[in-house]
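Q:
In mature numbering (1 follows the signal peptide of the UniProt record, and there is no 0), the protein residues as written are -20 to -1, 1 to 140.
#1: Just to confirm my understanding: we take residue 22, look at its own chain, exclude 5 residues before and 5 after, and list those with CB closer than 6 Å. What are they?
#2: Is residue 76 a contact residue of the ligand SAH, with contact defined as CB to any heavy atom under 7 Å?
#3: Do the region 62 to 78 and the region 35 to 52 meet, that is, are 3 or more Cβ pairs less than 8 Å apart?
#4: Taking contact to mean at least 3 C-beta pairs separated by less than 8 Å, is the region 11 to 18 in contact with the region 40 to 47?
#5: Who are the near neighbours of residue 63 in its chain, counting only those whose CB is closer than 7 Å to its CB and skipping five residues on each side?
#6: Per DSSP, which one or two residues make a beta bridge with residue 40?
#7: Residue 128 to residue 110, Cα distance in whole Å?
#8: Which partner residues of residue 132 appear in the DSSP bridge assignment?
#9: Please report the Cβ distance between residue 89 and residue 77, rounded to the nearest whole angstrom; I am assuming they are in contact, meaning their Cβ atoms lie under 8 Å.
#10: Per the DSSP calculation, residue 87 is bridged to which residue(s)?
#11: Alpha carbon to alpha carbon, what distance is there between residue 124 and residue 133?
#12: Roughly how many whole angstroms lie between the Cα atoms of residue 126 and residue 52?
#13: Determine the direct distance from the alpha carbon of residue 103 to that of residue 131, and round the result to whole angstroms.
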């Protein structure tokens, strides 16, 4: 599955922050008013966006993205799968739209671990759209997306 992320993304690109003023992903997503379900997923799974020297990038599905899922899809996942789903939307490195043009695919997510699973392929298409593919489908950047990114490892080839 491929999804396109418009350049008119919800993005907060912050200058390098000191320890006292680290970027607050929750505040960014709450301010948008369109990411309640993703915030609930992050909180319920106790997923933290790790902000280290390399920063982070978050692909935040909108509430509409979650509402477009088949009923019961999220409830059918185990706690571990829910955590991996949430972590699969977070890149442990800061990326601007321009930096995706030279990103080495596959791009690791917070869920990738040592074996390299749960990666994304990201390219920049026409009109500054990001093409994000899961294989089936201190700075901080938050990109609002209109689909939930389903890692191949969670759905065994069938997108819910």
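Backbone N, C-alpha and C define an ideal beta-carbon position, used for all residues, glycine too.
A: Checking against the coordinates, here is how it stands:
#1: 66
#2: Of the ligands one can find in the structure shown there are none, so the ligand SAH has no counterpart to examine.
#3: Enough Cβ pairs lie closer than 8 Å, so yes.
#4: yes
#5: 25, 27
#6: 124
#7: 15 Å
#8: The partner list for residue 132 (beta bridge, DSSP) is empty, contrary to what the question assumes.
#9: About 18 Å; that fails the 8 Å criterion.
#10: BP columns for residue 87 point to 100.
#11: 23 Å
#12: Pairing residue 126 with residue 52, the inter-Cα distance amounts to about 19 Å.
#13: 17 Å
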